[in-house]
Amino acid sequence: MQIGIVSAPTNLGLRPPAPGTVPGTSKAPEALREVGLHSVLASRGAREFGVVLPGRYEPDVLPNDVLRNEAAILRHTRALAERVDLVLDAGHAPLVLGGDCSLLVGAALALRRHGRFGLVYLDGHGDFRHAGNDPEPTTLGGEALAAVTGHHDPVISDVDGLAPLVAPADAVQVGCRDDDVFLDEMRREIAAVVPASDVISGGAATVAERITAIVDREELDGYWLHLDIDILDARWMPAVDSPDPGGLSPDQLIELLALLAPCAIGADVTIFDPDLDPDGEHARTVARVIAEGFARLGAER
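Going letter by letter, the sequence shown gives residues 7 to 307 in the working numbering.
Laid out in structure tokens, this is it:
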């Protein structure tokens, strides 16, 4: 399979970074284009499948809504699902360039329509916030894993009556920090959690084998890779909304992705914020991770 690139420049799932401002993740796909990512991928046969635009960002949660930007998120979710369907029907491996983590719901909705798929949730945070563990779970970017595994409010967990979009037994969280507030709950509720410290100490090959034993089982139709770039340590990737120490280096991440990507049906990349990267240094890091880590995305399917 060749890669099919979809731009999903959404910031709908994030809080305002400061009063009167909006998150900059919507600028990420074009920032990555500017540093040459799309040209590199095109030289290897990748095809572009356009852009799925989000609605207008609103900073406040509307009365009677569960989520910030709820209606816009639901519209974007369904539109992105249709675009991912188009890429799959064309025989390409979708590579969705975001954007924030809320876009995962759209990708997961598309996959749910096609069958039963595993999920590798590569993220520096668990993103497992929901009404059962937080009084105000209103920001989907920090709740996406809970949403797709059916733990969030039905308005987002049960889109089109298809909950769970990913069965908890088919989901693995990779890259959260050892002090993640939802670590114990995730270990109870999903198939496995592999903190960043385990990747660093155990090595990519061992971790990849552990992950694929869960998501590449015979009864599944394949698996998807969700990559939040804040899985990287803050010293290498400060251009995200929640940078933290204790993460992977770019080389460690590339090694792990290169092992997981060939058998994956597709992937998304999220949370890079060009507003926090005035000279493009960190865009080049993200582009390198994508170009090298996903070089063989879907190649063995």
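Cβ atoms here follow ideal geometry from the backbone N, Cα and C, with glycine treated the same way.
Helix, strand or coil for alanine 173, going by three-state DSSP, please let me know. It is coil, neither helix nor strand.
Helix, strand or coil, according to DSSP, for threonine 83 in the structure here? Reduced to three states, the DSSP call for threonine 83 is helix.
Just verifying my parser: in three-state terms, what is the DSSP assignment at serine 203? Three-state result, serine 203: helix.
Residues in the same chain with beta-carbon distance under 6 Å from alanine 85, minus the five sequence neighbours each way, listed in chain order, please. For alanine 85, where only same-chain residues beyond five positions count, the Cβ hits under 6 Å are Val58.
Quick check on the burial criterion: 16 or more other C-beta atoms within 10 angstroms. Buried or exposed for alanine 143? The sequence given here places proline at residue 143; alanine does not occur at that position. In the assembly as shown, proline 143 is a buried residue. Its beta-carbon has 16 or more other beta-carbons within 10 Å.
Nearest residue (CA-CA) to alanine 214, options Ala245, Gln258, Ser248: The candidate whose alpha carbon is nearest that of alanine 214 is Gln258.
First and last residue of the uninterrupted beta strand (DSSP E) at glutamate 54: For glutamate 54, the enclosing beta strand (DSSP E) starts and ends at 53-57.
Three Cβ pairs or more, each shorter than 8 Å: is that satisfied between the stretch 104-119 and the stretch 151-163? Segments in contact, yes.
Can you grab the Cα-Cα spacing for the pair isoleucine 206 / glycine 97, in whole Å? Distance between the alpha carbons of isoleucine 206 and glycine 97: 35 Å.
Counting along the chain, where does the beta strand (DSSP E) carrying proline 100 start and finish? 98-104 is the extent of the beta strand (DSSP E) around proline 100.
Same chain, Cβ closer than 6 Å to glycine 10, five either side skipped, listed in chain order: Excluding its 5 nearest sequence neighbours in each direction, glycine 10 has C-beta neighbours in its own chain below 6 Å: Arg53, Phe55, Val93, His98, Pro100, listed in chain order.
Distance, Cα to Cα, threonine 16 vs alanine 305? For threonine 16 and alanine 305, the distance between alpha carbons rounds to 28 Å.
Any 3 or more C-beta pairs closer than 8 Å across the stretch 69-89 and the stretch 41-48: Verdict: no, contact absent.
On the criterion of 16 or more Cβ atoms from any shown chain inside 10 Å, does arginine 74 qualify as buried, or is it exposed? So arginine 74 counts as buried.
Going by beta carbon distance, what residues of the same chain come within less than 7 Å of leucine 146, once the five residues before and after it are set aside? If we look at leucine 146 and ignore the five residues flanking it on each side, its Cβ neighbours are Gly19, Leu73, Ile79, Ser108, Ala153, Ile162.
Can you check DSSP and say which residues form a bridge with tryptophan 230? Looking at the DSSP assignment, tryptophan 230 forms a beta bridge with Leu125, Gly272.
Which of the three DSSP states, helix, strand or coil, is assigned to alanine 289? Helix, per DSSP.
Other residues of its chain near alanine 14: CB distance less than 6 Å, five sequence neighbours each side excluded: Val58, Leu86, Val102, Gly104, Gly105, Leu109, listed in sequence order.
Measuring CA to CA, which of Ala273, His136, Asp285, Val12 is closest to arginine 302? The residue with the shortest Cα to Cα distance from arginine 302 is Ala273.
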